[in-house]
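Participant: Residue numbers (my numbering), protein chains in the order written: chain A, 1377 to 1565; chain B, 64 to 205.
Heads up, the beta-carbon is just placed ideally off N, CA and C, and yes, glycines get one too.
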Amino acid sequence: MKSMRKGLPRLALVSAVVLAATLAFAASTPRYLHVRVTNLTTHEVVRVNLPLTLAEKIIPAINHGKLRDGKVQIGNFSADGVNVRAILDALKTAPEGEFVTVEDHGDNVRVAKEHGQMVVHVIDKKSNQNVDVTIPWEVAQALVSETSDDQLNLEAAVKALENVGDTTLVRVSGQDNVRVWVDSRNTEE
Amino acid sequence: MIFLAKLGIGVVGAALVGGAALSSEGFMQVQVHEKHAGGTNLNLFLPAALVPTTLRFVPKRHLAEAAENLRPYLPIVNTAIPAVEECPDGLMVEVVDSQDHVRISKRGGSLEVDVSDTDEVVHVSVPLRAAQSAIHQIAEAN
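1) With H, G and I counted as helix, E and B as strand and the rest as coil, what does DSSP make of V1515 of chain A?
2) So, is I72 of chain B buried or exposed, given that buried needs 16 or more other C-beta atoms within 10 angstroms?
3) Using a beta-carbon distance below 8 Å, is V156 of chain B in contact with chain A?
4) If you compare alpha carbons, which of B:I201, B:T181, B:D160 is closest to H99 of chain B?
5) Under 7 Å Cβ-Cβ, which residues of chain B neighbour A1533 of chain A?
6) CB-CB under 8 Å to E1432 of chain A, same chain, minus the five flanking residues each way: which ones, in chain order?
7) Could you compute how far the alpha carbon of T1523 of chain A sits from the alpha carbon of N1529 of chain A?
8) Quick one, which of B:E88, B:G102, B:F108 has its alpha-carbon nearest Q94 of chain B's?
9) How is N1539 of chain A classed by DSSP in three states: helix, strand or coil?
10) Helix, strand or coil for G153 of chain B, going by three-state DSSP, please let me know.
11) Run down chain A in chain order and give the residues with a C-beta less than 8 Å from the C-beta of V147 of chain B.
12) Drop a sphere of 10 angstroms on the beta-carbon of V1410 of chain A, count the other beta-carbons inside from all chains shown, and report buried for 16 or more, exposed for fewer.
13) Determine, for A1516 of chain A, whether the minimum Cβ-Cβ distance to residues of chain D falls below 8 Å.
14) For S11 of chain B, count the other beta carbons within 10 Å of its own beta carbon; 16 or more makes it buried, fewer makes it exposed. Which is it?
15) Smallest Cα separation from S179 of chain B: which of B:R192, B:C150, B:V159?
16) Nearest-angstrom Cα distance between V1554 of chain A and H199 of chain B?
17) Does the separation of the CB atoms of I144 of chain B and A194 of chain B fall below 8 Å?
18) I need the straight-line Cα distance from Y136 of chain B to A1437 of chain A, nearest angstrom please.
19) Cβ of L1426 of chain A less than 8 Å from any chain B Cβ?
20) Which stretch, first to last residue, makes up the beta strand (DSSP E) that contains E97 of chain B?
21) Quick one: what does DSSP say T1410 of chain A is sitting in, helix, strand or coil?
22) Shorter than 8 Å from the beta carbon of R1547 of chain A to some beta carbon of chain B?
23) For I139 of chain B, which residues in chain A fall below 9 Å Cβ to Cβ?
24) Mapping DSSP to helix, strand and coil, what is L1530 of chain A?
25) Alpha carbon to alpha carbon, how far is L70 of chain B from N141 of chain B? Give it in angstroms, no decimals.
26) With a 10 Å radius around its C-beta and 16 neighbouring C-beta atoms as the bar for buried, classify P1512 of chain A as buried or exposed.
27) Does the pairing of the segment 1545-1554 of chain A with the segment 1490-1508 of chain A give three or more beta-carbon distances under 8 Å?
28) With H, G and I counted as helix, E and B as strand and the rest as coil, what does DSSP make of G1473 of chain A?
29) Given T1563 of chain A, which residues of its chain have a CB within under 7 Å of its CB, disregarding the five upstream and five downstream residues?
30) Going by alpha carbons, who is nearest to A1488 of chain A out of A:G1482, A:L1430, A:D1542, A:H1497?
31) List the residues of chain B whose Cβ lies closer than 7 Å to the Cβ of T1563 of chain A, in chain order.
32) Considering only DSSP beta bridges, list what V74 of chain B is partnered with.
33) Looking at K169 of chain B: is its Cβ nearer than 8 Å to the Cβ of V147 of chain B?
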């Protein structure tokens, strides 16, 4: 019993050192945004590996077209009379499950909350494509932070992505296969 | 004899200082290898500091159009190049199809572009700081 009591502070110290080292490593490891596009017919492959810090610095510097001050202007996104932030807050505290399901002749759309993330699943029957979008809540909230009705805050979303774990954000499968994901490796291997 | 020694030291010193100034921004490398028989095989190493210096001697009228096109993008260039310099080394973009293979990567303080197609293989390495100086030289031409 005595030896166990003696060992506990040592164990706590070792645990604290390991935890501190892990946190320091996590803080210093750059996060990467990866994009891979493959075309099954042409066998064309495009791979992009960008450090998130690079995107974080460059996005606010771009004031061109629909991208200004780190925010992108998007069309057909009307939020008149609707508080998008309030909806996102409500969704955050809502239990996991399916929120919206739309099925018609052209597309099947499903919006759900799974594992604390917003999941959008679209099946485009015409082009025979499946689109899966997974947005962590922190990123979804950052996207609409400090924005007007028809804007998305890309700069804030990229900053939020720095703090989420390794995750696949977009996956498109069909004629073109697209995957967009975030991790700590500088290659996709 | 002492005069000759002093002269020698002066010449060697000037050469060293000149060499250091020329290589201060690193070296640009251009390699071209044409795959067909008798094709060009070029391997060029140039002090990157020569590029902005050379641009000073290019008549402004030849750079006017490029300057106008570049000027709006200078704030992005000024942010992007130091940001890329701070990035860890690695492959940034790769495009592969049935005939071409293009790679853009960052190594040290340089951006490297490798293109390989059915006819030739090209490798270009440009120090980022020199690229920024050159872009400024062109943009400031009137």
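Facilitator: With the structure as the only source:
1) helix
2) exposed
3) Cβ-Cβ to chain A under 8 Å: yes for V156 of chain B.
4) B:T181
5) Chain B residues near A1533 of chain A: none, gap ~18 Å exceeds 7 Å.
6) E1531, V1534, K1535, E1538, listed in sequence order.
7) Using only the alpha carbons, I get a separation of about 6 Å.
8) B:F108
9) coil
10) strand
11) L1430
12) A quick correction: the sequence has His, not Val, at residue 1410 of chain A. Under the 10 Å beta carbon count, H1410 of chain A is surrounded by 16 or more other beta carbons and is classified as buried.
13) Structure shown: chain D not included; protein chains present are A and B.
14) Nothing about residue 11 of chain B can be reported from this structure: the residues present for chain B run from 64 to 205 only.
15) Check the Cα spacing between S179 of chain B and each of B:R192, B:C150, B:V159: the tightest is with B:V159.
16) 37 Å
17) Yes, the pair counts as a contact, with Cβ atoms nearer than the cut-off.
18) 9 Å
19) yes
20) 90-97
21) One detail in the question is off: residue 1410 of chain A reads as His in this sequence, not Thr. Here H1410 of chain A sits in strand by DSSP.
22) no
23) I1434, A1437, I1438, N1439, H1440
24) helix
25) Cα to Cα, N141 of chain B sits roughly 43 Å from L70 of chain B.
26) Burial is judged here by how many other beta carbons sit within 10 angstroms of a residue's own beta carbon; P1512 of chain A has at least 16 and is buried.
27) Taking one beta carbon from each stretch, the segment 1545-1554 of chain A and the segment 1490-1508 of chain A have 3 or more pairs nearer than 8 Å; the two touch.
28) The answer is strand: DSSP assigns G1473 of chain A an E or B state.
29) N1425
30) Nearest of A:G1482, A:L1430, A:D1542, A:H1497 to A1488 of chain A, Cα basis: A:H1497.
31) G153, L154
32) Bridge partners of V74 of chain B: none, in fact.
33) yes
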